[in-house]
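Asker: The working numbering numbers the first residue of the sequence shown as 1 and each following residue consecutively.
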Amino acid sequence: MTGFGKSQFTIQNKSYLIEIRSLNSKQMDIQFKVPGLLKDKEALIRKELTDRLVRGKLDVLISVEYLKGGGSNSINGTALRHYLEQIEAAVKTTNLNIDGHALQAVLRLPDVIVPEKESLDEAEWNGFVEHLNLAIDQMNNFRRQEGVILQQEVQNRIQKIEILLSQVDIPEKERIERIKERIKRSLSEVTETDKIDYNRFEQELIYYIEKFDITEEKLRLQTHCKYFIETMKTDPEAGRKLNFIAQELGREINTLGSKANDAILQKIVVEMKDELEKIKEQTFNIL
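1) Using 8 Å as the threshold, is the C-beta distance between Tyr227 and Ile245 below it?
2) At the level of alpha carbons, what is the spacing between Lys47 and Thr231?
3) On the three-state DSSP scale, how would you describe Phe32?
4) When DSSP labels each residue in this structure, what does Gln247 get in the three-state scheme?
5) Excluding sequence positions up to five away, which residues of its chain have a Cβ less than 8 Å from the Cβ of Pro35?
6) Cβ atoms of Ser15 and Leu67: under 8 Å apart, would you say?
7) Where do the N-terminal and C-terminal ends of the alpha helix (DSSP H) with Ile218 fall, by residue?
8) Quick check on DSSP: helix, strand or coil for Glu19?
9) Please classify Glu217: is it buried, with 16 or more other beta-carbons within 10 angstroms of its beta-carbon, or exposed?
10) In whole angstroms, what separates the C-alpha of Gln155 from that of Leu276?
11) Around the Cβ of Ala260, are there at least 16 other Cβ atoms within 10 angstroms (buried) or fewer (exposed)?
12) Should Arg175 go down as buried or exposed, given a rule of 16 or more other Cβ atoms within 10 Å for buried?
13) In the structure shown, what three-state DSSP assignment does Asp169 receive?
14) So, with DSSP's three-state summary, where would you put Leu132?
15) At the level of alpha carbons, what is the spacing between Ile161 and Gly127?
16) Using the three-state DSSP reduction, which class does Phe284 fall into: helix, strand or coil?
17) Going along the chain, which residues of its own chain have a beta-carbon closer than 8 Å to the beta-carbon of Leu221, five neighbours each way excluded?
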């Protein structure tokens with residue numbers, strides 16, 4: 001599910017910003033952007049996100065800004081010497097004149113000025129975790145609001161399938177009679193009426209019509225629809241389960257279509273399939 005959570009706060013001499021953005025995904029996929037100060041805490045942050053957000057494609061941005069008097073840097077002597085030696089060699093071979101600003105330019109080169117390593121004390125880390133959870137709470141609230149809308153939409157489509165299923169009964173009775181008449185007519189065209197063994201004919205006809213009987217498919221489809229809605233309302237993390245139930249719905253609808261042998265029933269089946277495809281699309285957005 002999509003969502004957004006944010007927390008901005010100050011602890012000791014640092015100002016923090018946490019932003020979490022979520023897109024739909026079958027699995028948990030976390031992309032981090034964290035400052036060096038929190039690199040050693042990345043696994044703990046990841047676990048907190050995974051435990052509370054279940055799944056989704058997450059973009060996590062954490063930044064820290066030192067307030068006045070905070071954060072100190074040091075000079076990387078090895079990198080500075082390396083750059084100066086190269087500059088000195090270039091001066092000798094090219095006869096360039098290097099003025100006093102050369103050192104300032106060197107100090108701006110990569111890895112010359114490095115922040116001193118710093119770690120969070122327990123109080124600061126606990127404060128950070130507290131605000132991380134506030135951002136996660138905000139994300140989950142966003143998801144819940146989206147979930148209410150999503151639940152209503154999916155429930156309406158399941159109910160539409162149930163309505164379409166109820167419409168099967170009338171053409172289904174007429175369909176069986178049409179099949180009987182068509183078989184009798186076809187038989188009379190190839191065989192004289194007085195030579196037909198009607199007892200045997202009735203037996204074969206019953207066997208043939210049973211192959212087109214859709215009573216069990218209708219019952220299972222109705223049961224799956226009820227189970228889908230029940231699961232959606234009672235299981236807080238029903239996404240994968242709903243997807244499996246949707247697959248079972250698809251099997252019963254497909255069997256109805258293969259047994260239909262009737263234009264009216266085929267039309268109803270097509271409408272059911274259309275509703276089911278829209279349901280399947282949405283199940284990937286449900287946790």
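Note that beta-carbon positions come from the ideal geometry of N, C-alpha and C, so glycine has one too. Small disclaimer: the values here were computed from a predicted structure and weren't measured.
Answerer: Quick look at the numbers:
1) yes
2) 27 Å
3) strand
4) helix
5) Ile62, Ser63, Val64
6) yes
7) Here residue 218 turns out to be Lys, not Ile, going by the sequence shown. Residues 215–234.
8) strand
9) buried
10) 11 Å
11) buried
12) buried
13) helix
14) helix
15) 50 Å
16) coil
17) Ile161, Leu165, Leu249, Glu252, Ile253, Leu256
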